[in-house]
Amino acid sequence: MKLFKVLFIAGLAAFSLSSCNDWLDVNNDPNTPTSADASLNARCVYMQHYSIASYMIPSSNTAYYCGHLASYTGAQQLGAMNWNLGASNRANNAQQWFLVPVGGNLPDLYNQAMAQGAYHYAAMACYMKAFGFMNMTDLFGEAPFDEAFGDATNPKYNTGKEVFMGCIDLIDQAIELFGRQQEAGAIPLSSGDMWNGGDTGKWIKLCYMLKARWLNHLSKKAAGSYKDGKYDQAEILACLDKAMKSNADNTVVYHEDNNSSTWDHEGWNEPVDYSTLYSCIGMNNNRMFVTKYFYDNLTNFCGNGVEDPRADKFIPWCRSVKSAESPAGIKWTADGKWRRSLPVDLSTNIISNGGPYPSLFNKETQRWYCDTKNEERLGDTIYVQGQSGSTGYGGGKDMLMRKTAGEDGSTLSGVFWTRPTSPTVIGSYAECCFIRAEVLMRQNNKAGAFEAYKAGIKAHIEYVNDVCKKWVATDENLKSIPSFTPIEQADIDNFLNNGIGSASDISLAKIMTQKMFVVFFTNEMWNDMRRMDYSPNIYLGWNKPYMYLNTASYWTYCPGDKYPRRWNQASYETDYNAANLAEIGDRVPGASELPIPEDGYWYQSLQIRTLPVWWDSTQE
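18 is the number of the first residue of the sequence shown in my numbering; add one for each residue after it.
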C-alpha cells in the first residue's frame, strides 16, 4: 500500500538503525534514507522486531478472554476479562505494527534477496508475510492480501479463506527457500537473524511447526486435503515429523533490559531490547492477577493433589511477614518472608464490587494494606499483582518490583512471561507435542496421545526451568525467591508420574487445558479456545465471567448464546478503506445475519466481534 510505504520511509528516517546487536547501521545518508540504503541484514532485524511486537501486543488483550487473568485497570484488559466487547482492544497496534514496518519492507526484502541469490532472506520475507497475515486473519477475519504492499492506495479485501490458504502457500515457499544453497557472495543469514542466528535448519523446523499449527486450526472443517481447505490430520502429523524434536530446536527470542539507545519510533518510543509483554503488562500497575481457574489447574490439576512445579513461577509472590493473623490457604516460604498470591474468582461479584483492590505498602508498619472504605475489599491484600521490576528501563537494583521506592518489604516478584527479559517463544517442541496429542486423540490413539501430552508437559517444564536458571545466574539473590528458584528434578518427576493422569484416562480436555500453559500469553490461547467453542467440558474449571453474565449492557455486543470470535477492524481500515471493507461483506458467511445499523454496513454491527473467522467455522 502506498500509504504504508510512505509511513515506513518516514519511520526509517526516525528509527535508529543500530540494533541491540549493532546490526543496523545501514544508511549512507541518515538524513535522507531511501529504500535502496537498507541492506538485507539490516532490514531483516528491523522487521523481526516488529514481527514480534505485532504478534505479542494483541496477546496482551486476547489472553484475557480465556479466563486465566484478572485486571483492576487497563481498558484493553478489563474489556476482554469481562467480555465487554465494546471496550477498547489493540486492533490499531496489531495492524499498524505489522503492515507498516514489516509489510512495508516485504517486497524490497524479497526482490533484492532473489536478485542477489540471498535465498534465505527471501525465505524470511515469505515467512514474515505468512506469519503476519495469519495473525491478521486470526484477529480480523478478512484482510487486504493480494493487493497489499502494491500500487493500490485502497487495496481490495480477501476473504479469510483466501488469506489463510495464501499463508500456507507462503510458508511452503519459505521452506523451499530456506533449503536452498545461497549464491556465492550472498550475505549470510547469520548477519541479520537475531532469532535463530542464521540456522536454516531451525527455520525449516519452525516453518513446519507453524504449518502444523495452522492446519490444525481447521479442526471444524470436514476431513480431506488441506489444499482444499479441509482438516488434514495426515499432513499435520507429517509436518510435525519435520518440526522440532527437542527444546534445542525451539525458536526463542531472548530479550535484554539494558535501556539501550535504540528505541522504537513506530509506536511507543520505548527501548526495543525488552519483551513486548513487559511493555504491555509487566511495567504497569494492577494489570495482572491470576484467577481461580488458572490457579486450580496449576495447584491441583484434575484433582490429583499434586502441584504443578511451574505454579510458583506463574503465580506472583510478594514480600510479607507471616503471623498468626495471616489468612489460611496462602503458600509461604519456609522462613515466612514471601507469600504467594491467592486467586481471583471471576465467577463471583468481586469485579463488580471493586476488586481485586490494589494493595499499597505502609513503610511505618511494614505491612500491606488496601486504601478503601469498602470493607469487603480490605482483605484484597491476599491478591498479589504481577508487576515486574527492571534494572535498565526502570532503573531498579534488580529484577524485582518495589511498590514503594527503596522499601524491600514492598517487593513483588513479577511472573514468568511479563518481565523485561522474559523470552518470546515463536515456536516450540512443547507445542508440537500438544498438536500431535490432539490429533492422535481425535484418532482415538490414546496411548500415542498420552505419550505426546506427557512429552509436551515435560519439555515445557524444562524450558521454564532453563529460563529460571539463566535469571538466577545473573543474580544469585533471586535463587531464594520461589518465582525464580530452579525446579528440583524430584518435583518434575512427581508431577509427571502422579499429577497429569495416565494413558487410560487421557482426554482432549486434559490436553487442551495443559496446552494453555505452553501457549500462554499468545494469540494461540484464544485461537484454541475459539476452536473448542469455549467448552467447559474441554477447559477444566472454566466458565463465563460473572460480570458478563450479570451486565446486560455487555450483551449488546455479545448476546448470551455467542462468544468473542474476532476483533472489529482497525480504524485505519474503517476510515480509509471502507468501500472495500463494505464490499467483502457479501462474501463473508454470516455477515448479513448480523444486526446491522440502518444505512450501515456489516462491519459496523455492534455484534461484529461474535462473527467467526473462516477457520473457526464449518464454512467451505
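Backbone N, C-alpha and C fix where the C-beta goes; we use that ideal spot for every residue, glycine too. All values reported here derive from a predicted model rather than from experimental measurement.
CA-to-CA distance, residue j to residue i, given in whole angstroms
i	j	result
N321	N514	11 Å
G218	S208	16 Å
K496	K527	32 Å
T279	P437	15 Å
N45	N106	Caution applies to N45, whose pLDDT of 44 falls short of 50 and renders its modelled position unreliable; the value that the coordinates give is listed next. Whole-angstrom Cα-Cα distance: 39 Å.
S427	R419	5 Å
Y295	R356	23 Å
G617	T502	56 Å
I443	E615	43 Å
S405	M305	10 Å
L363	S88	11 Å
R547	D592	28 Å
R230	G183	15 Å
E200	M131	10 Å
S609	I517	45 Å
E468	A454	8 Å
L24	S524	The predicted position of L24 is uncertain, since its pLDDT is 31 and thus under 50; a value taken from the coordinates is nonetheless stated next. Spanning the two alpha carbons is a distance of roughly 49 Å.
I253	E392	54 Å
L235	I347	42 Å
V323	A351	19 Å
Y174	D290	34 Å
V43	D125	For V43, the predicted model reports a pLDDT of 40, less than 50, meaning its position is unreliable; a value from the coordinates is still stated below. When rounded, the distance between both Cα atoms is 15 Å.
D492	F433	16 Å
Y470	F451	6 Å
M153	W212	22 Å
E424	S407	15 Å
L623	I613	8 Å
I367	N567	12 Å
N78	A345	32 Å
C335	S358	8 Å
A108	S588	8 Å
Where the beta strand (DSSP E) through residue i begins and ends
i	result
C335	334-336
F378	377-379
R384	384-386
CB contact below 8 Å: residue i versus chain B
i	result
P440	This model lacks chain B altogether, as it is built from one protein chain only.
Start-to-end residues for the alpha helix (DSSP H) that takes in residue i
i	result
T502	Run containing T502: none; DSSP gives neither H nor E here.
V269	Careful: V269 lies outside any alpha helix (DSSP H), inside the beta strand (DSSP E) at 268-270.
V62	57-79
Q250	250-258
L95	92-99
A599	595-601
Nearest neighbour of residue i, chosen from the options [CA to CA]
i	options	result
P288	S277, A130, L123	S277
G149	N128, I74, D216	I74
A265	L223, Y589, T176	L223
S519	G465, D492, E493	G465
A599	G372, L123, W212, A160	A160
D508	A108, E479, I69, V489	E479
T268	P612, I332, W220	W220
P375	Y271, I399, W572, A97	I399
A111	Q586, Q636, N597	Q586
W632	N109, K247, I555, S609	K247
R384	E393, S340, G371	S340
N1	L235, D492, Q93	It is not possible to answer for residue 1, since the shown part of the chain is limited to 18 through 637.
K330	G121, V605, G403	G403
H85	K463, N560, N494	N560
N494	V361, F378, S430	S430
G473	I555, S588, M261, A345	M261
F537	S76, I555, H137, K238	S76
N122	Y571, K579, H66, V481	H66
N314	M529, R604, C335, P118	M529
K259	Y271, N317, A240, D189	D189
W619	D603, P629, S634, V630	D603
P562	V62, A55, Y72, W100	W100
E273	P118, S439, D415	S439
For residue i, the residue or residues it bridges with in DSSP
i	result
R357	W334
W280	P288
R304	Beta-bridge pairing links R304 to no other residue.
R419	T428
A87	F306
W349	R356
Please give me, in chain order, every unbroken run of the alpha helix (DSSP H) with length at least 4 that falls completely inside the stretch 511-566.
525-535, 540-548, 563-566
Please specify which runs of the alpha helix (DSSP H), each continuous and at least 4 residues long, are wholly inside the stretch 105-166, giving them in chain order.
108-116, 123-133, 136-157
Only counting runs of 4 or more residues, tell me where the alpha helix (DSSP H) segments fall wholly within the stretch 153-240, in order along the chain.
177-195, 217-233
What are the start and end residues of each continuous beta strand (DSSP E) run of 3 or more residues lying completely inside the stretch 423-473, in chain order?
441-444
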